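Novice: Supplied in structure tokens, the structure appears directly below.
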Amino acid sequence: NTTYLNPIRTTNLNPQQIPLYFAFTSIAGLTGIIITLALILMITSSMEVIRRSYFEVFWYTHHLFVIFFAGLVIHGIGGIVRRQSNMEEHNFTLCKDQADDWGKVPECPNPEFEGGPAATWKWVLGPMIIYAAERLLRLIRYVQNVQYRKIVMRPSKVLELQLVKKGFKMEVGQYIFLNCPAISQLEWHPFTMTSAPEEDFFSVHIRSAGDWTDKLIEIMQKLPEGAQ
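For reference, each letter of the sequence shown is one residue, going 1 to 228 in the UniProt record's numbering.
Shown next as structure tokens:
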């Protein structure tokens, strides 16, 4: 069959069966290349040196997961992975030692293959729904006001933010994502909370460690107590 890549056949290949040609002209090939490149970028940008020194690179490249999962879902649409469809007529156990007679004897007709439907969506749909729900919850929390209870500059360019948010409860060891629209509406940075659960506020300590934190410290130093 000239429209599928046969992993067994190695001689007398038509141009459409050459793996390199197939990789750049089929749904499976193109999506495979795209999701591989996306995965490489996400993995390399996860190195500690990049996460700590170039967090923006880490943050933005990890949004390639949208392309990765979209490509993964449609990767199997072309039906490149095939199964034998005439197993009842072509019994493998009987015909495996009579390959030269395939198609010549009634008991061993030539095997026929058909591609199966894409099935990856069945495995990623559940996690994607959970992720979408988490993002929706984050959006709801994002539009709620946060009040600055106290802004303190500590030694070594460390900013302490004491924050108050209605209905917010914390546990020891938790972290929060901070977003400052004045810097970027897309960037969210994680910070471990440094206050105790019994206090009527929650706090974070932010060290100057890059462009985003430097800009945040500069903005916070200009705000009065109680600003929102």
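Ideal Cβ placement from N, Cα and C applies to all residues, glycine included.
Note that this is a predicted model, so its numbers are computed, not measured.
Using alpha carbons as the reference points, say which of 162, 147, 146 and 145 lies closest to residue 153.
Specialist: Taking the first residue of the sequence shown as 1, we reach residue 153 at position 153. When each option's Cα is compared against that of residue 153, the closest is 162.
Novice: Considering only the beta carbon of each residue, do residue 74 and residue 31 sit closer than 7 Å?
Specialist: Counting from 1 along the sequence shown, the entry for residue 74 is found at position 74. Counting from 1 along the sequence shown, the entry for residue 31 is found at position 31. Their beta carbons are under 7 Å apart, which means residue 74 touches residue 31 by this criterion.
Novice: Can you grab the Cα-Cα spacing for the pair residue 91 / residue 112, in whole Å?
Specialist: Locating residue 91 in the sequence shown gives position 91, counting from the first residue. Locating residue 112 in the sequence shown gives position 112, counting from the first residue. When rounded, the distance between both Cα atoms is 12 Å.
Novice: Say whether the stretch 164-174 touches the stretch 124-132, bearing in mind that this needs 3 or more beta-carbon pairs closer than 8 Å, one atom from each stretch.
Specialist: Output reads no: the stretch 124-132 does not touch the stretch 164-174.
Novice: Taking the C-alpha atoms as reference points, what is the distance between residue 133 and residue 140?
Specialist: Residue 133 sits at position 133 when you count from the first residue of the sequence shown. Residue 140 sits at position 140 when you count from the first residue of the sequence shown. Rounded to whole angstroms, residue 133 to residue 140 spans 11 Å at the Cα level.
Novice: Would you be able to state if there are at least three C-beta pairs under 8 Å between the stretch 99-108 and the stretch 61-75?
Specialist: At 8 Å Cβ cutoff, the stretches do not touch.
Novice: Mind checking which residues open and close the beta strand (DSSP E) that includes residue 175?
Specialist: The count along the sequence shown starts at 1 and reaches residue 175 at position 175. Taken as a continuous stretch (DSSP letters only), the beta strand (DSSP E) holding residue 175 covers 175-178.
Novice: Specify, as a first and last residue, the run of the beta strand (DSSP E) that residue 56 falls within.
Specialist: Counting from one through the sequence shown, the residue named residue 56 turns up at place 56. Note, residue 56: premise wrong, no beta strand (DSSP E); alpha helix (DSSP H) at 55-61.
Novice: Considering only DSSP beta bridges, list what residue 152 is partnered with.
Specialist: Here residue 152 refers to the residue found at position 152 when the sequence shown is read from its first residue. Bridge partners of residue 152: 160.
Novice: Which runs of the alpha helix (DSSP H), 4 residues or longer, sit entirely within the stretch 77-124?
Specialist: Runs found: 92-95.
Novice: Specify the secondary structure class of residue 190 as computed by DSSP and reduced to three states.
Specialist: Residue mapping note: residue 190 aligns to position 190 of the sequence shown, counting from 1. In the structure shown, residue 190 sits in a strand (DSSP, three-state: E or B).
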